[in-house]
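J.:
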Amino acid sequence: MYDARMGEVARAADRDGETRGPATLVLAPGVSTEGAAACADRLATSDAALVVAFRRHPDDWRAARGDHLPPTWFVTTDPHSDSVRAVADPGDLTGVGIAVSEFLGWLPSNARPAVCVDSLTTLLQYSDTQRTARFLQVLCGRVLAADGTVHCHADPAAHDDAVLDQLATLFDDTVVLDSE
Numbered sequence: 001m002y003d004a005r006m007g008e009v010a011r012a013a014d015r016d017g018e019t020r021g022p023a024t025l026v027l028a029p030g031v032s033t034e035g036a037a038a039c040a041d042r043l044a045t046s047d048a049a050l051v052v053a054f055r056r057h058p059d060d061w062r063a064a065r066g067d068h069l070p071p072t073w074f075v076t077t078d079p080h081s082d083s084v085r086a087v088a089d090p091g092d093l094t095g096v097g098i099a100v101s102e103f104l105g106w107l108p109s110n111a112r113p114a115v116c117v118d119s120l121t122t123l124l125q126y127s128d129t130q131r132t133a134r135f136l137q138v139l140c141g142r143v144l145a146a147d148g149t150v151h152c153h154a155d156p157a158a159h160d161d162a163v164l165d166q167l168a169t170l171f172d173d174t175v176v177l178d179s180e
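Under full-length UniProt numbering, the sequence shown is numbered contiguously, ending at residue 180.
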């Protein structure tokens with residue numbers, strides 16, 4: 001199902017200006033440049049962004065995405081000046097959910113928020129697939145109710161197709177990218 005050629009279609013669609021659904025699963029190897037570019041594109045149209053950053057320090061995460069980001073805050077496992085909350089570990093899905101809800105509550109009602117989860121691969125190292133799927137259902141529901149967008153990164157090489165298939169059902173779109 002996750003043929004690398006699908007990445008070409010996704011890149012062509014992005015270049016052609018196709019609008020993605022409000023909830024997108026981004027499948028890309030590790031900390032790829034392609035994944036960072038797709039992320040920056042998704043966030044660029046929002047008024048404010050919240051990043052659940054478990055793979056990179058917020059400064060490194062920002063550097064990989066360039067200067068065209070909206071005001072951006074983070075949920076991390078380490079305290080950081082731009083963190084809205086530091087959680088004990090990536091498996092603290094309740095803490096992550098609270099941070100997302102607080103972030104959405106702080107925004108003006110006319111703001112268009114974006115939430116990035118970087119990455120599901122890390123979350124799945126701390127939480128099983130069923131619990132992660134329930135968390136994503138609630139997360140996507142909260143963000144979409146606030147007229148926002150959400151996208152989640154995962155490394156397809158780290159998961160079997162059954163896990164990716166289950167997670168993909170929670171999103172409007174799946175974008176498959178390969179590193180170049």
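Cβ atoms here follow ideal geometry from the backbone N, Cα and C, with glycine treated the same way.
(1) Can you list, in chain order, the residues of its chain with a C-beta nearer than 7 Å to that of residue 80? Leave out the 5 residues immediately preceding and following it.
(2) For residue 69, collect the residues of the same chain with a Cβ closer than 8 Å to its Cβ; drop the 5 residues on either side in sequence, then sort them by chain order.
(3) Using the rule of at least 16 other Cβ atoms within 10 Å of the residue's Cβ for burial, across every protein chain shown, is residue 134 buried or exposed?
(4) Can you tell which of 116, 160, 168 and 170 has the C-alpha that lies nearest to the C-alpha of residue 55?
(5) With distances taken from CA atoms, which of 88, 94, 84 and 122 is nearest residue 105?
(6) What do you reckon, are the CB atoms on residue 177 and residue 23 nearer than 8 Å?
(7) In whole angstroms, what is the alpha-carbon distance linking residue 172 and residue 130?
(8) Excluding the five sequence neighbours on either side, which residues of its own chain have a C-beta within less than 6 Å of the C-beta of residue 76, listed in chain order?
(9) Do you know offhand how far residue 107's Cα is from residue 51's?
(10) Report yes if the C-beta distance between residue 175 and residue 27 is below 8 Å; otherwise report no.
(11) Can you check which of these residues, 144, 90, 100 and 145, is closest to residue 120 by C-alpha distance?
(12) Taking only the alpha-carbon atoms, compute the straight-line gap between residue 168 and residue 154 and give it to the nearest angstrom.
(13) What distance in whole Å lies between the Cβ atoms of residue 46 and residue 148, which are believed to be in contact at a cut-off of 8 Å?
(14) Mind checking residue 36: buried by the 16 CB within 10 Å criterion, or exposed?
(15) Which runs of the beta strand (DSSP E) spanning at least 3 residues fall entirely within the region 96-136, listed in chain order?
(16) Within the region 30-55, note down every full alpha helix (DSSP H) run reaching 4 residues or more, in order along the chain.
(17) Which two residues bound the contiguous beta strand (DSSP E) that contains residue 173?
(18) In whole angstroms, what separates the C-alpha of residue 110 from that of residue 118?
(19) Could you give the distance in angstroms between the alpha-carbon of residue 3 and the alpha-carbon of residue 161?
T.: In terms of the structure at hand:
(1) 58 and 74
(2) 40, 43, 44, 49 and 62
(3) exposed
(4) 116
(5) 84
(6) no
(7) 19 Å
(8) 53, 83 and 86
(9) 15 Å
(10) yes
(11) 90
(12) 11 Å
(13) 7 Å
(14) buried
(15) 113-118
(16) 33-44
(17) 173-176
(18) 26 Å
(19) With a pLDDT of 37 at residue 3, under the threshold of 50, the modelled position of this residue cannot be trusted; read the value that follows with caution. About 11 Å.
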